[in-house]
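Asks:
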Amino acid sequence: MQTAHISFENLKRGFGLAEVLQGVNLQVQRGEILGLLGVNGAGKTTLLRCLLGLLKPDQGKIFFSGKKLEAHTVREDFGFLPENFFPPRTLKGADFLNAMAWGLGASKQEPLRLLNLVGLNAHLNKPIRAYSRGMIQRLGLACALLRDPAVIILDEPTLGLDPLGQKQMLDLLIALNKQGKTVFFSSHTLSQIEKVCTRVAVLDKGLISYCGPVGEFQDKYQVQSLEEAFLREIAVKE
Amino acid sequence: MRKTLAVAYLNFKGAVKDNFFLGVAFFFAFYLAFCIFLGKLSAGQMSKVLSDAGLFGIEVTVITLIIFSFTMNFYRERDTRILEVYLSRFDRASYVSGKILGYCLLSLVYLVFCAVCFSAILGAYGGFAWPLLAALYPVFLKSALIIGFVSIFSCFLSSATTAMLTTFFVWIASEFAPSAVIITEQQGLPWQKAFIKGIYLLLPNVDRLNVKSAAVYGQLPGAQYFILATLYAGAYLTALWLINILILREKEY
Numbered sequence: 038m039q040t041a042h043i044s045f046e047n048l049k050r051g052f053g054l055a056e057v058l059q060g061v062n063l064q065v066q067r068g069e070i071l072g073l074l075g076v077n078g079a080g081k082t083t084l085l086r087c088l089l090g091l092l093k094p095d096q097g098k099i100f101f102s103g104k105k106l107e108a109h110t111v112r113e114d115f116g117f118l119p120e121n122f123f124p125p126r127t128l129k130g131a132d133f134l135n136a137m138a139w140g141l142g143a144s145k146q147e148p149l150r151l152l153n154l155v156g157l158n159a160h161l162n163k164p165i166r167a168y169s170r171g172m173i174q175r176l177g178l179a180c181a182l183l184r185d186p187a188v189i190i191l192d193e194p195t196l197g198l199d200p201l202g203q204k205q206m207l208d209l210l211i212a213l214n215k216q217g218k219t220v221f222f223s224s225h226t227l228s229q230i231e232k233v234c235t236r237v238a239v240l241d242k243g244l245i246s247y248c249g250p251v252g253e254f255q256d257k258y259q260v261q262s263l264e265e266a267f268l269r270e271i272a273v274k275e
Numbered sequence: 045m046r047k048t049l050a051v052a053y054l055n056f057k058g059a060v061k062d063n064f065f066l067g068v069a070f071f072f073a074f075y076l077a078f079c080i081f082l083g084k085l086s087a088g089q090m091s092k093v094l095s096d097a098g099l100f101g102i103e104v105t106v107i108t109l110i111i112f113s114f115t116m117n118f119y120r121e122r123d124t125r126i127l128e129v130y131l132s133r134f135d136r137a138s139y140v141s142g143k144i145l146g147y148c149l150l151s152l153v154y155l156v157f158c159a160v161c162f163s164a165i166l167g168a169y170g171g172f173a174w175p176l177l178a179a180l181y182p183v184f185l186k187s188a189l190i191i192g193f194v195s196i197f198s199c200f201l202s203s204a205t206t207a208m209l210t211t212f213f214v215w216i217a218s219e220f221a222p223s224a225v226i227i228t229e230q231q232g233l234p235w236q237k238a239f240i241k242g243i244y245l246l247l248p249n250v251d252r253l254n255v256k257s258a259a260v261y262g263q264l265p266g267a268q269y270f271i272l273a274t275l276y277a278g279a280y281l282t283a284l285w286l287i288n289i290l291i292l293r294e295k296e297y
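Residue numbers (the working numbering), protein chains in the order written: chain A, 38 to 275; chain B, 45 to 297.
If you want it as structure tokens, here you go:
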């Protein structure tokens, strides 16, 4: 059996009296796009932040390629785009990416290649404060792709984007996945998840209530859309 | 080291292009104009008043600049979640070191700008003297220590206002601690003397980094003083840096 690329085992994390993650068990397979679904406050960001080492779990373990996840592995193998990402606004897009690339030891050509990939090559020398929300997200994705990480983690990557910006972002994720990258992202915009994800995981009240292919999830409730299936899944637990 | 330098560059460039930096620089230019006016009011002491008030203004503005700029930048990084990007790609020690280094560089650039303006004004009024510029070096060391404190408080406290006020408090307490030691030595109880002396030793001894008045009167200490001041500031800043790394390692962002 193939070892999961990322594996969460009984992950628990609380804030004060509120137990946000109550024992999450989840496997992200190599080379898939896994969408993490959940309503606001379900614990999606908490789970991603635990994965990135930004939060310490109260209990449970995270494995990467069968080994316990270490901080240096996150820095070397993971690229991360947070929700509402906004780099220093006085800098130019190219300055920001060049500095990050230099700090990470990437090649000199890599920032330009990535800016081309995300379609920002015409806006290299604009200050970031002049960028639209969609351009900032694409710059963030270029930053996450520096040094060619094996896993791309995105927290609500299309939040605040117009339909065109959403499409561009999702197309980029599909293109990256075709290059063999594992993509793990959270969203509560179900129509997008339906379009791009190999599998979905539903996080509800701190637990994974469903994890599997989108089609099977719809079949489970005999419905035509992911949205309906998701609402049924939440309602079952209610 | 590359990671530290990258964070330093991003912080320095971001801060130097920020409106706040330009605002403080303009304020300093207006303050110098006010110093000329003060000098004209003091009969026969134009150059001394100008030198003294100018050095005081440089010190106050550089410390205000770094406290405000650092805290605003750090909490903006937290709110815009760029901090999470940095911490997921760079180790925490590199991040803290880069931030401190970037702001030390900002302080240095601001001091060079002030030194140029100050020298031009003094030159125009016939009061220029090299010791006045040498007196800016201890001001830089003092600002580096304040950068260490503002970095600790920013990492430790959840509110930008609290971090700013706490750093200002530490700076003001450091400035007044020597006077408190003198007062308690003369009329305090033994426990009061020990308590105030303890606080004085714990806080940065900024009185040892103050040669402004001596420079105005042409009595600048020798090279040995500058070496010892550098060693003291270096050792103190290293201790602050280590504490800062420990705090950031325990902090969840």
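The C-beta atom is built at its ideal place from N, Cα and C for all residues, glycine as well.
#1: Leaving aside the five residues before and after A:Ser-228 along the sequence, list all residues of the same chain whose C-beta is less than 8 Å from its C-beta, in chain order.
#2: Considering B:Tyr-280, what are the terminal residues of the alpha helix (DSSP H) in which it resides?
#3: Between A:Ile-101 and chain B, is any beta-carbon pair separated by less than 8 Å?
#4: Give the range of the alpha helix (DSSP H) segment to which A:Val-61 is assigned.
#5: In chain A, which residues lie less than 9 Å from B:Ile-144 when you measure between Cβ atoms?
#6: Looking only at its chain, what residues have a beta carbon closer than 6 Å to the beta carbon of A:Asp-82, apart from the 5 residues adjacent to it on each side?
#7: In this structure, how does DSSP classify A:Ala-238 when only helix, strand and coil are distinguished?
#8: Is the number of C-beta pairs between the stretch 279 to 296 of chain B and the stretch 125 to 144 of chain B that are closer than 8 Å three or more?
#9: Using the DSSP secondary-structure output, state which residues sit across from B:Ile-111 in a beta bridge.
#10: Let me know if B:Asn-117 comes out buried or exposed under the rule of 16 or more other beta-carbons within 10 Å of its beta-carbon.
#11: Does any CB atom of chain B fall closer than 8 Å to the CB of A:Cys-248?
#12: Return yes when the Cβ of A:Lys-163 is within less than 8 Å of the Cβ of A:Gly-217, no when it is not.
#13: Per DSSP, which one or two residues make a beta bridge with B:Thr-210?
#14: At the 8 Å Cβ level, is A:Cys-180 part of the contact set with chain B, yes or no?
#15: Measure from the C-beta of B:Ala-50 to each C-beta in chain A and report whether the shortest distance is under 8 Å.
#16: For A:Lys-49, report the span of its beta strand (DSSP E) as first-last.
#17: Pull out every residue of the stretch 111 to 130 of chain A whose Cβ sits closer than 7 Å to any Cβ of chain B, in chain order.
#18: Whole angstroms is fine: what's the gap from B:Glu-229's alpha carbon to B:Arg-252's?
#19: Would the beta-carbon of B:Val-255 fall within 8 Å of that of B:Ala-159?
#20: Of all the options A:Leu-152, A:Phe-100 and A:Gln-59, which has the alpha carbon lying nearest to the alpha carbon of A:Gly-80?
#21: Is it buried or exposed for B:Trp-285, if we count other Cβ within 10 angstroms and need 16 for buried?
#22: Take the Cβ of A:Lys-104 as the centre, count every other Cβ of all protein chains shown within 10 Å, and call the residue buried at 16 or more, exposed below.
#23: Where does A:Asp-185 sit, in a helix, a strand or coil, going by DSSP?
#24: If you compare alpha carbons, which of A:Ile-99, A:Ala-138 and A:Gly-249 is closest to A:Leu-182?
#25: Given this structure, state the Cα-to-Cα distance separating A:Phe-133 from B:Asn-63, to the nearest angstrom.
#26: Are the stretch 71 to 87 of chain B and the stretch 233 to 249 of chain B touching, with three or more C-beta to C-beta distances below 8 Å?
#27: Helix, strand or coil: which one does DSSP assign to B:Lys-57?
#28: With A:Ser-246 as the anchor, note down where its beta strand (DSSP E) starts and where it stops.
#29: Taking 8 Å as the CB-CB cut-off, is B:Tyr-154 touching chain A?
#30: By DSSP, does A:Ser-224 sit in helix, in strand, or in coil?
#31: Does any CB atom of chain B fall closer than 8 Å to the CB of A:Leu-149?
#32: Identify, in the order they occur along the chain, each residue of the same chain with its Cβ nearer than 8 Å to the Cβ of B:Tyr-297, setting aside the five sequence neighbours on each side.
#33: Going by Cα to Cα distance, which pick from A:Ile-43, A:Ile-70, A:Glu-46 and A:Gly-75 is closest to A:Ala-272?
#34: Leaving out five residues on either side along the sequence, give the residues of the same chain with a beta carbon under 7 Å from the beta carbon of B:Lys-143.
#35: Touch check for the stretch 87 to 98 of chain A and the stretch 38 to 52 of chain A: three-plus C-beta pairs under 8 Å?
#36: B:Leu-264 and B:Pro-182: beta carbons closer than 8 Å?
Replies: From the atom records:
#1: Contacts found: Leu-263 and Glu-264.
#2: Per DSSP, the unbroken alpha helix (DSSP H) holding B:Tyr-280 starts and ends at 267 to 294.
#3: Here residue 101 of chain A turns out to be Phe, not Ile, going by the sequence shown. Between A:Phe-101 and chain B, the shortest Cβ-Cβ separation is not below 8 Å.
#4: Run containing A:Val-61: none in the alpha helix (DSSP H); it sits in the beta strand (DSSP E), 55 to 65.
#5: Chain-ordered listing is empty here: chain A has no CB closer than 9 Å to the CB of B:Ile-144, the nearest sitting near 16 Å.
#6: For clarity, residue 82 of chain A is Thr in the given sequence; the question names Asp instead. The answer, listed in chain order, is Asp-192.
#7: Note: A:Ala-238 maps to strand in three-state DSSP.
#8: A contact exists between the stretch 279 to 296 of chain B and the stretch 125 to 144 of chain B.
#9: Answer is none; B:Ile-111 lacks a bridge partner.
#10: Classification for B:Asn-117: buried.
#11: No - not a single Cβ of chain B is within 8 Å of the one on A:Cys-248.
#12: No.
#13: DSSP, once it has assigned bridges, lists no residue as partnering B:Thr-210.
#14: Taking a beta-carbon distance threshold of 8 Å, A:Cys-180 counts as an interface residue toward chain B.
#15: At least one CB atom of chain A sits nearer than 8 Å to the CB of B:Ala-50.
#16: That run of the beta strand (DSSP E) goes 43 to 52.
#17: Shown in chain order are the members of the stretch 111 to 130 of chain A whose Cβ falls below 7 Å from a Cβ of chain B: Val-111, Arg-112, Phe-115, Phe-117, Pro-119, Glu-120, Asn-121, Phe-122, Phe-123, Pro-124, Pro-125, Thr-127 and Leu-128.
#18: In this model, B:Glu-229 and B:Arg-252 are separated by some 19 Å (Cα to Cα).
#19: Their beta carbons are not under 8 Å apart, which means B:Val-255 does not touch B:Ala-159 by this criterion.
#20: For the residues A:Leu-152, A:Phe-100 and A:Gln-59, the minimum Cα distance to A:Gly-80 belongs to A:Gln-59.
#21: Flag for B:Trp-285 reads buried.
#22: Exposed, because fewer than 16 other Cβ atoms sit within 10 Å of the Cβ of A:Lys-104.
#23: Coil.
#24: Ranking A:Ile-99, A:Ala-138 and A:Gly-249 by CA distance to the CA of A:Leu-182 puts A:Ala-138 first.
#25: Taking the straight line joining both Cα atoms gives about 18 Å.
#26: Contact between the stretch 71 to 87 of chain B and the stretch 233 to 249 of chain B is absent, because fewer than three Cβ pairs lie under 8 Å.
#27: Residue state, collapsed to three classes: helix.
#28: Where A:Ser-246 is concerned, the enclosing beta strand (DSSP E) stretches over 244 to 250.
#29: Not an interface residue.
#30: In the three-state DSSP reduction, A:Ser-224 falls in the strand class (E or B).
#31: No Cβ of chain B is located within less than 8 Å of the beta carbon of A:Leu-149.
#32: Excluding positions up to five away in sequence, the list reads Arg-122, Leu-127, Glu-128 and Leu-131.
#33: Looking at the Cα atoms, A:Gly-75 is the closest of the given residues.
#34: Taken in chain order, the residues that qualify are Val-51, Asn-55 and Ser-195.
#35: Result yes; three or more Cβ-Cβ pairs closer than 8 Å.
#36: 8 Å or more divides the Cβ of B:Leu-264 from the Cβ of B:Pro-182.
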